[in-house]
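Here's the structure, in structure tokens; my notes come after.
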Amino acid sequence: MVRQLVSRAASLSLILKFVGQVFPMVNRELAGWREHAGRQACPQLAEQALASIRDKRFHCQGGSIYSLYEGVSTPDFIRLVVALQTISDYLDNLCDRAGISDEAAFRQLHLAMTAALDPGAPLQDYYRHYPFHDDGGYLAALVRTCQQETAKLPAYPVVKPYVLRLAGLYSELQTYKHLDPTVREAKMHAWVACHLGAYPGITGWEFAAATGSTLGMFMLCAAAANPRLTAAQAQRFDAAYFPWISGLHILLDYFIDAAEDRAHGDLNFVAYYRSDAEITQRLTLFLREALARAAALPAHPFTETVIYGLVAMYLSDPKTEAPRERAIKQALLAAAGPYARFVHWLCRLLRRSKIL
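For the sequence shown, the UniProt record's numbering gives the first residue as 1, with consecutive numbering after it.
Take a look at the structure:
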């Protein structure tokens with residue numbers, strides 16, 4: 001009991017530092033990229049770059065929790081998280097909002113994700129197959145920033161194979177999920193079938209959802225700040241995050257967007273579940289598996305805080321107040337326990353204050 005109280009106090013301290021110190025630093029980093037995005041780019045690319053920063057700031061805020069991991073240089077790591085997450089959000093806009101569905105273009109664009117996490121990789125023409133090309137050097141600058149920051153991490157060679165694998169899976173998902181609806185599902189099924197045998201107990205769309213998270217990449221990079229990190233420890237981080245913590249992250253994201261996606265005919269992995277009861281059951285499974293694997297990690301209270309934070313942040317979204325979503329939300333919060341409900345209350349307060 002005493003140990004749990006100490007852990008909860010440390011977790012609360014982490015959350016307060018996260019909101020009070022890290023959020024302002026994230027906002028300053030984003031302001032710099034916002035200025036760069038609007039400089040010398042063609043109107044079409046500038047519009048999407050600025051929109052991704054304006055509308056998806058919370059992705060950079062959430063990922064920057066890893067800047068508070070033990071041994072990490074907080075300013076340097078915020079720079080890495082903001083640059084990598086901004087690449088992710090910008091490319092998502094380019095694939096989703098420009099009215100194209102070209103597999104070659106999407107694949108070429110996402111070479112920026114893997115290059116960003118490979119300090120020795122040369123820059124490429126990421127827009128080679130895309131209808132617009134002149135971004136004023138914006139994407140290349142984001143890639144170089146990530147390369148510079150990962151090169152500073154003393155144990156990055158230990159985690160690099162895991163990070164690049166996650167970035168590759170992420171890029172494949174983004175390539176397939178934005179294709180024309182007439183071919184998208186068949187392409188995704190064929191892709192998932194190549195991987196699913198290694199992950200018994202989850203469905204194809206749950207695997208696909210897990211590939212859509214950047215959290216495993218951030219965690220492995222944070223762990224690489226420890227010069228004594230071993231390959232066995234890196235493997236444990238990877239196995240905890242993929243598919244469980246990463247899957248929980250993206251399934252929650254799709255859950256809060258489910259009604260909106262239904263209305264617009266957009267792909268949504270939670271829509272594959274057959275009933276509300278199944279949604280509750282499967283998300284609860286991912287939550288419990290995530291917590292069980294977090295318990296075996298170094299500095300496990302940090303990862304538990306991340307998991308409770310995910311649950312609280314997504315389930316405090318106003319979109320969960322509709323009757324159907326509210327019932328599922330209440331069941332998930334009950335499964336997560338009293339501390340998660342307390343963090344959920346904090347997130348609601350932050351939303352009312354316009355901090356989240």
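Every residue gets a Cβ at the ideal spot worked out from N, C-alpha and C, and that includes glycine.
Given the structure is predicted, the values throughout are model-derived calculations rather than measurements.
Among the options, nearest to residue i - alpha-carbon criterion
i: L123; options: S171, A112, Y69; result: A112
i: A164; options: W345, T211, K329, T182; result: Rather than Ala, the amino acid found at residue 164 in this sequence is Leu. Among W345, T211, K329, T182, the Cα nearest to that of L164 is on T211.
i: A294; options: D266, T175, M219, L91; result: M219
i: R128; options: A222, L94, Q108; result: Q108
i: G62; options: D125, L84, Q48; result: L84
i: R57; options: F77, A41, N27; result: N27
i: R228; options: G71, G20, V22, Q21; result: G71
i: M217; options: V158, Y273, P181; result: V158
i: L50; options: S67, G20, Y138; result: Y138
i: Q281; options: A37, A327, A198, D238; result: A327
i: I87; options: P24, R351, T175, S52; result: S52
i: A331; options: T305, D276, R352, D317; result: D276
i: Y66; options: L283, P200, V22, H249; result: V22
i: A312; options: L349, P298, A299; result: L349
i: S73; options: P43, A121, E149; result: E149
i: I250; options: L297, A234, Y314; result: Y314
i: H110; options: L169, F132, A258; result: L169
i: A193; options: P119, F207, R184; result: F207
i: P323; options: I256, F18, C60; result: I256
i: R274; options: F77, W205, G265; result: W205
i: C60; options: Y339, Y199, E29; result: E29
Integer Cβ distance of residue i from residue j, believed to fall under 8 Å
i: T145; j: R79; result: 6 Å
i: L291; j: I307; result: 6 Å
i: K177; j: L267; result: 6 Å
i: V343; j: I15; result: 7 Å
i: V143; j: A116; result: 5 Å
i: Q48; j: R97; result: 6 Å
i: L215; j: Y241; result: 6 Å
i: T114; j: S171; result: 6 Å
Status (buried if at least 16 other CB within 10 Å, exposed otherwise) for residue i
i: E321; result: exposed
i: G99; result: exposed
i: residue 360; result: Missing from the structure shown is residue 360; the chain here goes from 1 to 356 and no further.
i: T230; result: exposed
i: K160; result: buried
i: P301; result: buried
i: K354; result: exposed
i: T182; result: exposed
i: V2; result: Confidence at V2 is low in this model, with a pLDDT of 43, below 50, so the placement of that residue is unreliable and no value is reported for it.
i: S13; result: exposed
i: G309; result: buried
i: A37; result: buried
i: Q180; result: Residue identity check: residue 180 is Asp in the sequence provided, not Gln. Exposed is the call here.
i: D253; result: buried
i: E325; result: buried
i: residue 360; result: The requested residue 360 does not occur in the structure, where the chain is confined to residues 1 to 356.
i: A133; result: Residue 133 is actually His in this sequence, not Ala. Flag for H133 reads exposed.
i: W345; result: exposed
i: G197; result: exposed
i: D238; result: buried
i: D125; result: exposed
i: A41; result: buried
Within-7 Å CB hit, residue i to chain D
i: S88; result: The structure shown has no chain D; it contains just one protein chain.
The segment 8-15 in contact with the segment 100-109 per 3-pair CB rule at 8 Å:
No: fewer than three Cβ pairs fall under 8 Å.
Touch check for the segment 330-342 and the segment 284-298: three-plus C-beta pairs under 8 Å?
yes
State whether the segment 84-96 contacts the segment 241-257, with contact taken as three or more CB pairs (one from each stretch) at a distance under 8 Å.
no
Below 8 Å, can you find three or more Cβ-Cβ pairs linking the segment 141-159 to the segment 221-228?
Between the segment 141-159 and the segment 221-228, the count of Cβ pairs shorter than 8 Å is three or higher; the stretches touch.
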